[in-house]
Structure formats: structure tokens, C-alpha cells
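Numbering (this note's numbering), first residue to last: 7 to 855.
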Amino acid sequence: MVCWSMYARVERAIGKVFARYGEFVGTYPWIFLTVSVLVCCLLGIGLINLKSETNVEKVYTPMDSQASKDRSTIRNLFSDYSGTNFYSQNLIERNLHGSVIFKSKTSSNLLSLTNIQEIKTIHDQIKANVFGNGMDYSQLCAVRASQCVVDGDLIFTTNFQQLLQNDNITYPVLGTVSIESVFGDVTLQNGILQSAKLVKLVFNLRQDNQQFTDSSKLWEKDFVSYMKTLQSPILDVVYAHSSSLDEELTANIRGDIVFVSLTFTLMIVYATFVTLTCDCLLDRQNLGRAGVIATGLGIVASFGLVSACGVEFVSIVGVMPFLILGIGIDDMFILLAGLAEAPLLETTPKRVAETMRTSGVSITITSLTDILAFGVGASSVFPGVRNFCIFTGVAVLFCYINFVTFFIACIAINDRRISANRHCLCCHPIEMKSDMATASPLRRFCCGGTAPSSEIEMQSLLERMPGKILTKFIILKPVKVIVLICFAVYLGIAIWGATDFQQGLDTKNLVADDSYYFHYNSLDQQYFTQRVPVSFVFDETLDYTKVSTVQAIDGLVANIQNDKSVGNNNLIISWFHSFRSSANYDTSSETQFVTNLKTFLISNYQYENDIQFDSTDLRIRTSRIYILTNNLVVSSEQGDFMLRMRGLTEDSSLSVIAYAPSFIFYEQYVEILPSTLQTVGIAVAVIFVVTALFMPSPLLIIFVTVSMVMIMTGIFGFMHFWDLTLSSITMIHIIMSVGFSVDFSAHICHAFMTVEGGTRDDKVIYAILRSGGPIWNGAISSCIGIIMLVFSKSYIFRSFFKVMLLVILFGIGHALFFLPVLLSLIGPIENTKPSGSSVANQANGPAAV
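Structure representation (C-alpha cells):
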């Protein structure tokens, strides 16, 4: 009784505030409607400041990561040498390039002079073509020994073709050159290359200053346009460049935005259909459409305000309207259900006040939990997650504001229309059907109305039926047993799937299956070895003649080569080891060491980029060596490898930085799990507090929390079964799910505590009669809101559809089956009527407290 007394006081206090506000809006509806529309439209002007960010690195990798800090440090130590002495392992930024993979139209061996000549023809065409920036490849190419560097062009040399004719091409190293990156889908015999079904050429570009960087990026764009028109009679050609992923991702999202307009149309049709009644007076179609408009205005206002504040639009924000539509329509149905229960004989302000008293609290709980969940997500280290949560959290806020202003005003205006006996479409005064006995059936249908006399007449068939059907069987004991067994099985399967839930983001999944980048990336990852050159930068001035320094370097290299992702493959590029093996090596003094080293570098210019001397030119200020990994494909292994390399450098007595440009992307595989768990944990805690404030019943708080945990477990588990992995994209969906999973559960629990009944079963029936219809219709409208995404080409939209569908199905399952059964068995029973009370006594619906 103590708990119920506290709950009753809180409910009355909050309900009283909402009732007073609702009465105020009901008294001056046109003012609220006009002001809300004007405010949303004015905020929408901020869209002129909308700026988008499409750089995959900036959007999907964590801010201020260790890799980004290391990159800044190394950038200050070493320059970019792509215009003078280009070697790919020296790169600090990702390489600007155009890449082409050749494949025989018959999928046969490319190692023939005919095929190589055809590849040479295409190679020459690409180099000679002048693209839109007015420069050909020779003016923009990365340079080494005054020659353009095209990885793979060794196949055009006389030496290679002679070896080919003699069947003597060694693999993976030909002479001193690694050819793993040139040939794909290979067949070997005793270390001799027998066949290769794929050949890859990489046209490296200069990026040693901003002017060349900008020109090279323009070359890349025109390169793709040119390659789309290129035809070969015997070869299939796939291609990509360094920014292909960014460009294709943006193109996908822009193409899929058309689904937003289709979704709004479907929502308007569904809202109209659900609220349709065959009565010109009581019909509530206008309110259904007003609910969609209120949501749309909220989306416009949020886009405008957030854009005006300088927050950049990222591609994942494109799914936000689909989510907000579902949330908004759910609120609409809750408010319409509350309106139907309002006293029919009261004035419009009093009826609006009662609507806000009973339903205003419910939509406030769900909106507040959604806003707080996205607010927590806005603190994410991933810019894409942060920006999405800012856009979406603000949209939920404006959606809520619009429903308690614009939509409530529409309710009041519509109620005034009914009180004045005016037509639902033209607002012309109409007669009651009871007074039109002599009129034709058509005139009675089109121009006659019926004065409302009960709650049933205030709701359409589709609004009433879900709750009435569910109450017929949900309290039956066999049904309760079946429901509990089904949810126990569901939870077991979910836990099983969650334990196998994988991390990682396959970049090719970010673009459409028919994208040129998808085809290129699929072949590249499947058939070409993905070795990563990792630089180990000694960022302090060292005396390389000291035994301790030499031992420390040797020990570090030995430890690195013993790593499972390196595997003692001896693929090391080290000026120090090469110099030590040369005749120039002299450790008699540091000065002599440096003097001889400079002599050594004259004939070994591949190492020139790896050594920086101090201002005296007599000591080595910093240097670097490289280790090439084994084939690294799995994202989780990439992240673990990066951490192991950093661990080895931390254990070294020297100051060493382990870095590769790809580490920037590996950071997300390291950060994503702890970041997700932390964000979800904080969001759950915040939502727990909000639930406790609005529903201070310990048992209900436990029920809502248990339901939320079960739903989230199901989402993690079934995402695994649906081939989704944990990434910065699905992390957004998971954060969204935290707030969304509370919505349906909060509705049913709040309804259970605000209805009267003689037994738990009675209270469950009344709670379902009150909220079952809105929950069901809200879920259906949410499904309609995302159904268009099935046809999307974008992984972002498709993955959103999958997760959102799971949230809806699990949410409605817990709200309409699991929680009613649980409440009927062990729910709080303080708010009861005398034991003689029965469901039949309240045939018109639940009584409000």
C-alpha cells in the first residue's frame, strides 16, 4: 500500500500538471497550432546551412584515437616523398591512387603475351588520357627515380616476358620484388607461378602538397568516369580509387532518400485508414494526417536547428526520418486512445485536459527515454554515432513538442467541430442521421452524423480490435504457460546468438551490390594478399653504435617476427639491418657511423625516406623500419594485431611508435565493443531513473528493466543470426533500440497502474483495452515506416531495417504477451475495486483513476 500511495501521489501530481496544460491548449488551440507551425518553419530555414561529411575515416573511426595521434607525431617527423622518391610503405596518409583489376572474360589464365599486351594497351590509355583537371597521369603520378610508379607494371618489362616464356616466374618474390599484390587467384608449382586469373595495376598519385593532392583527387574522379566507358574484347575490368568508398556511400544514401517521401505517403495513408469511421461527424482522419504532419514538422525543425548549429550531416542520419515517423505515430495513437476515454459530456478544454492527464504522461515517459538514450549516444567517440544521436535526439524532442502543441491543438479543433455538428471534410453544419429519416441512404452516409454516446463510437474498428481480440485469450492459463515457455526459449536462443556476436565492418558492405567499388573490393579481398606494412618509428635521437641500442632493436624485431600475424616471414624493410650487412657499416664512432651511412644511402636510395638527421647533420634524429604482416583480412584480428604491436613497443627500452595508415580504421575494431557497452549501460541506467520517477513502483520498474534487458539481448543475439556485426553503424541502431525498447513496455505498465480492477487479470484486461490498440497500431505504423528500406541498396539502410524490425517485433511481443502474463501473475494489485467488480461492469472500457 505504501508503494501504491507513493505512485498515486506522483501520478496525481504529474497528471494535474498535464491536465492544466491540456486545458490551456484546448482553450486557445489556434494560437498553439499557429505558433508551433511558425517555429518549425523558421527553424527549418537552418537547412540552408546543412553540410555533409562523407569521409569514411572521419565518420566511422573514433575521434582522437591513438592512431590519429601517432599519425600527427610521425607527420611532424617525416615528409611526404610521393613527388620525389615514392615507396608505399613510407605513406603516412592513405595512398591516393587509381587501381584496376583485370580478369579474362573466360576466367582463364592471364599469363599470356596476348593478355599482357591487352593490359598494356589499357594501361597506356589511362596514362595518356587527359582528365577534367587538364592534366594527364604523367603530370600527377607518384615518382621514383624520375619515373612514374605504377605497381604491377613490371609485367610489361622484357625481363618478365622472357621469364614468362621460360615458365620461370618465381612467386611470391620475383628477384627482389614482391609480386603478391600484382597477381591474384594464382596456381603455383614448386614456387613457380603457373597461372594467375587476376592482375592488378595501381596508378599511384602525388600528394606531397595541397595543390597536387587536390589535382590528384580530381584525377581520381575522372578516372572512374573514364573507366566506366572503357571496353576490352577479351578482358573484364574492375576499378576503384582511394575515395571510392566515400563517394559510393554518399551516392547510395542520396539515392535512398527518395524512400522518405514514399514512407511519408504510406504513413498518411495508414493513419487515415486506421482513424477512418463511416460517419461524417465522428471521423478522425484529419487527426491521423495531423499526426504525420506533426512528425514531419519535427523532422524539419530538428534538421534546421542542428544544421544551423554547425553539426554535419552524415550518411547514417538518412535513416532518422524513418525512426521518427514510427515514434511520432506511436504517440499519436496513444493520445487518440486517451481522447476516446475522455468524458463525452465535458467541454472541449476539459476533454483535452483529460487526454493529457491520462496519455500525456505515457508519451512523456517514452519520449524522454528516447531523448536521453540519444543524448548519451551523443557523447560517443565515433563522429557518425555522435552526429546521428544529436540529429535524432533533437528530432524526438521536437516531435514530442509538436504533439503536445500542434497535435493537441488539432484534437481541440476537431473536438470543437464535433460539438458544433460540422462535417469532417468541409466543416459545413450537418444534420444528425436520426433527423434524416426521409433522406436517401447516400445523403445520410455523406452528409449525416451521429452524436457520440460512448467510447466505442469515438474509436475506429482498427483502433478497438487489437485490444479486444487479445483480451479474449491472454488471461487463459494454458496461454500463460505457452507464453512463458516461448519467451524462455527466445531468451535462450538470444543468449546463444549474443555469445557469437562478431565485431567488425566490411567496407564493401557500405555500398550497393551493383557498385563498381563492391565488385573491385570483393575481388581484391578474396584473391590478393592483404599484407600491411607497419612502420616502427624510433622518435628519439639514438646512438646506433651502442650495443644496448643494437640489442634493443634486434630484440624488438625478433618479438615482432614471432607474432602470429607476422609469423617469422622475414618480410622486413630496414635500413639498419641492410646497412649493418654492408661493407660501409662502421661503429667506431657515431660520427663515422653517420658518415658511412650517408655513403650507403647514395646507392640504397630506397632507405633515404626512413632517416632524418638532426640540425647538426651528425646524428640521427629519428628513423623507421617496417615489418610486413601476413594476410590480414578479419577485422577483429586487425584490431588485436594493432594492440599487440603497441604492446611490444611499450615493452621496448626504446621510444618506438608502431603505426600504419590502416591503424586509423583498426581503431574502430578496438573501441567499438567497450564504447557500445558503456553507452548502452549508461543509457539503461538513465532510463531506469526516468522510469522510477514517472512510475515509482518497484515491481513495475523491475518489469520494465527486465523487459528492456530481454529485448536488448534478443537484438544482440538475432543480429548475429541475421549476419550483422557490431560496428559504428550497428552501434547506432543498438543505441536507438535502448530507448525504443522501453516505449511499448512503458505504455502497458503505465496503463496497468492507472486502471482499476478486482483482480490482476481484470487490470491486465483493462490495461490492454486502453493501450493494446495504440501499441499494436504504433508497431504496424513503425513497420510501414521502414518497409521501403527493404528495397534499399545501402547497407546502412538495410541494416537499420533489420534492427528496427527486431526491435518492433520483440517490443510488441514483450508489451502485449510477456508483460501482460507477468502482470497477471505477480503484478502490483493496490489499485483494485471491490472483489465483486468484473470486466462486465466496465464494458465501455477501463476506468481512469
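Cβ coordinates follow ideal geometry from the N, Cα and C atoms, glycine included.
Quantities reported herein were computed from a predicted structural model and do not represent experimental measurements.
So Thr193 is in the alpha helix (DSSP H); what residue range does that whole segment cover?
-> Where Thr193 is concerned, there is no enclosing alpha helix (DSSP H), although the beta strand (DSSP E) it sits in stretches over 189 to 195.
Beta-carbon contacts of Val298 that lie in its chain and below 6 angstroms, excluding the five residues immediately before and after | Met273, Ile274, Ala277
Residue burial classification, Glu546 (beta-carbon count within 10 angstroms, cutoff 16) | Classification of Glu546: exposed, given that the 10 Å Cβ count is below 16.
Grab the span of the beta strand (DSSP E) containing Gln618 for me, first residue to last.
-> 617 to 619
Taking one C-beta from the region 469 to 487 and one from the region 810 to 817 each time, how about it: are there three or more such pairs within less than 8 angstroms?
-> no
Along the chain, which unbroken stretches of the alpha helix (DSSP H) at least 4 residues long are found entirely within the region 214 to 300?
-> 216 to 235, 250 to 262, 264 to 280
Glu111 in three-state terms, based on DSSP | Reading off the sequence shown, one finds Lys at residue 111, where the question assumed Glu. Coil.
Residues bridged to His103 (per DSSP) | Asn210
Mind the definition here: the region 369 to 377 touches the region 324 to 339 only if three or more C-beta pairs lie below 8 angstroms; say whether that holds.
-> yes
What are the residues that DSSP puts in a beta bridge with Arg627?
-> None, per the DSSP bridge assignment.
In the DSSP assignment, find the unbroken alpha helix (DSSP H) run with Val662 in it and report its ends.
-> For Val662, there is no enclosing alpha helix (DSSP H); the residue is part of the beta strand (DSSP E) that begins and ends at 662 to 665.
Is Val306 close to chain C, meaning its C-beta is less than 9 angstroms from at least one C-beta of that chain?
-> Among the chains in the structure shown there is no chain C, since it carries only a single protein chain.
Work out the CA separation of Arg18 and Phe493 for me, nearest whole Å.
-> 35 angstroms
By a C-beta neighbour count over all protein chains shown, 10 Å radius and 16 as the cutoff for buried, is Met725 buried or exposed?
-> buried
Same chain, Cβ closer than 6 angstroms to Gln848, neighbours up to 5 away in sequence not counted = Residue confidence is low: Gln848 scores 41 on pLDDT, short of 50, so the model does not pin down where it sits. No coordinate-derived value is stated.
On the three-state DSSP scale, how would you describe Cys432?
-> coil
Please list, in chain order, all residues of the same chain as Ser580 whose beta carbon is under 6 angstroms from its beta carbon, the five residues on each side excluded.
-> Excluding positions up to five away in sequence, the list reads Ile631.
For the beta strand (DSSP E) holding Val543, just list the boundary residues, first then last.
-> Start and end: 539 to 544.
Among Asn565, Gly687, Ile161, Val543, which residue has its Cα nearest to the Cα of Asp616?
-> Val543
Given Gln291 as reference, the closest of Phe339, Val208, Ala564, Cys315 once Cα atoms are compared = Phe339
DSSP beta-bridge partners for Ile198?
-> Thr176, Gln195
Euclidean distance between Cα positions of Ala445 and Phe412 | 38 angstroms
From Ala518 to Asp285, what does the alpha carbon distance come to, in whole angstroms?
-> 48 angstroms
Write down the C-beta distance between Leu516 and Tyr245 rounded to the nearest angstrom, noting that I regard them as a contact closer than 8 angstroms.
-> Rounded, the Cβ-Cβ distance is 18 angstroms, inconsistent with contact.
Determine the direct distance from the alpha carbon of Asn636 to that of Ile198, and round the result to whole angstroms.
-> 20 angstroms
With distances taken between CB atoms, is the gap from Val695 to Ile740 smaller than 9 angstroms?
-> no
Out of curiosity, what's the CA-to-CA distance linking Leu562 and Ser222?
-> 37 angstroms
Is the CB-CB distance between Ile80 and Ser541 below 9 angstroms?
-> Taking the C-beta atoms as reference points, Ser541 is found nearer than 9 angstroms to Ile80.
Taking 9 angstroms as the cut-off, decide whether the C-beta atoms of Gly21 and Val358 are in contact.
-> no
Can you tell me where the alpha helix (DSSP H) with Lys478 in it begins and where it stops?
-> Here Lys478 belongs to no alpha helix (DSSP H), and DSSP marks it neither H nor E.
Can you name, in chain order, every residue of its own chain whose Cβ lies under 7 angstroms from the Cβ of Asp592, other than the five neighbours on each side?
-> Gln598, Phe599, Asn602
CA nearest to the CA of Asn565, picked from Val243, Thr655, Thr235 | Thr655
Measure how close the beta-carbons of Leu282 and Asn427 come, nearest whole angstrom, since I'm counting them as under 8 angstroms.
-> Contact flag wrong, Cβ pair sits at about 20 angstroms.
Quick one: grab the DSSP three-state call for Tyr632.
-> DSSP places Tyr632 in the strand class (E or B) of the three-state scheme.
Please say whether Ala698 and Ile707 have beta carbons closer to each other than 9 angstroms?
-> Yes. Within cutoff.
Assuming Phe319 and Lys57 make a contact with CB atoms under 8 angstroms, what is their CB distance in whole Å?
-> 7 angstroms
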